[in-house]
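A.B. asks: Structure below; questions to follow.
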């Protein structure tokens, strides 16, 4: 999975979103009204930790471990059960964090107009 998804286009969008969200939060903290700044900070934090952090610290390493194991081996079959349970859980966390991030940033943009 990592070999397909880890490419220049995806990484640019993935890392770029984290950097832009953090930059918006920093600028907002310095210049926006406190409510808008708090929404920007919450959105950036949700993305940086819940989407970017979970992906880098958990999902990618799980993908790499799975890729190293032979599918027909006992170790591969045992890890698949763990992988499926944990990867789906953390993917759900990423999805919720992405939704929270998007909602916070959208509301901040609408309120801060």
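Numbering (my numbering), first residue to last: 174 to 286.
We put the beta carbon where it would ideally sit given N, CA and C, even for glycine.
The model shown is predicted, which means the values in this text are computed figures rather than measured ones.
Let me know the secondary structure DSSP gives residue 180 once reduced to three states.
C.D. replies: Coil at residue 180, not helix or strand.
A.B. asks: At which residues does the alpha helix (DSSP H) containing residue 251 begin and terminate?
C.D. replies: Where residue 251 is concerned, the enclosing alpha helix (DSSP H) stretches over 247-284.
A.B. asks: Hey, how far is the Cα of residue 202 from the Cα of residue 263?
C.D. replies: Distance between the alpha carbons of residue 202 and residue 263 is about 30 Å.
A.B. asks: Where does the unbroken alpha helix (DSSP H) through residue 238 begin, and where does it stop?
C.D. replies: Counting along the chain, the alpha helix (DSSP H) containing residue 238 begins and ends at 233-241.
A.B. asks: Would you say the region 218-227 touches the region 259-276, given that touching needs at least three Cβ pairs under 8 Å?
C.D. replies: Contact between the region 218-227 and the region 259-276 is present, because at least three Cβ pairs lie under 8 Å.
A.B. asks: Taking only runs of the alpha helix (DSSP H) that begin and end inside the region 186-239, which ones reach a length of at least 4 residues, in chain order?
C.D. replies: Those alpha helix (DSSP H) runs which fall completely within the region 186-239 and span 4+ residues are 207-218.
A.B. asks: Just to confirm, are residue 209 and residue 284 a CB contact at a threshold of 8 Å?
C.D. replies: For residue 209 and residue 284, yes; Cβs fall inside 8 Å.
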